[in-house]
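Residue numbers (the numbering used here): 328 to 495. Don't be surprised by glycine CBs; every beta carbon is placed ideally from N, CA and C. What follows is a short report on a single structure.
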């Protein structure tokens, strides 16, 4: 028991010591233009089949500070991978993040060039300026029976910086 307490004390003491080192961490604020790449797993009602989509877009981000907060906004499209017809979903999106928590919203128009649906998609999950893992429930505004998109997505997205500038 004495050994465990000693180990916990030493690990805690070392962690506190490293936490006080401000020379290693960059607390600056940045603006960046990003290429957005992602994968979406579509699940839930009304279909038994689950669908897979790829997400491609471009966004602008501002982030930084002690707690790592920021915001992003951008344009993109989702492309169906295992759909019966070629399906795309042009979208606009915005998100804010703080200390590893991200919330945001998207407005997407899915179409297979015969049918279409407009969806409002709030999302929440974990992430930051370089990527996020979110759950995206769909609020279906038009054409509720549009296949191949179900009522929810699990989304993994990464941002590749194209142009990053430090804000003065």
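When 331, 336, 451, 405 are compared, the shortest CA-CA separation from residue 383 is found for 405.
Residue 485 has 364, 458 as its beta-bridge partners, per DSSP.
Residue 436 carries a strand assignment under DSSP once its states are collapsed to helix, strand and coil. Residues of the same chain with a CB within less than 8 Å of the CB of residue 462, apart from the 5 flanking positions on each side, are 450, 451, 452, 479, 480, 481, 482 in chain order. Taking all protein chains shown into account, residue 385 has fewer than 16 neighbouring C-beta atoms within 10 Å of its C-beta and is therefore exposed.
Judged by their CB atoms, residue 357 and residue 400 are not nearer to each other than the 8 Å cut-off. Listed in chain order, the non-local C-beta contacts of residue 470 below 7 Å within the same chain comprise 442, 443, 444, local neighbours out to five positions each way being set aside. When beta bridges are read from the DSSP output, residue 405 appears opposite 382, 416. A distance below 8 Å between beta-carbons, with the five flanking residues on each side excluded, links residue 392 to the following residues of its chain, in chain order: 354, 356. Here residue 329 carries a helix assignment [DSSP, helix/strand/coil]. Linking residue 343 to residue 379 through their CA atoms gives a straight-line distance of about 44 Å. Taking the Cα of residue 494 as reference, the smallest distance to any Cα among 409, 397, 370 is reached at 397. Under DSSP, the beta-bridge partners assigned to residue 356 are 391. CA-to-CA, the gap between residue 395 and residue 422 works out to about 14 Å. The DSSP-derived three-state label of residue 448 is strand.
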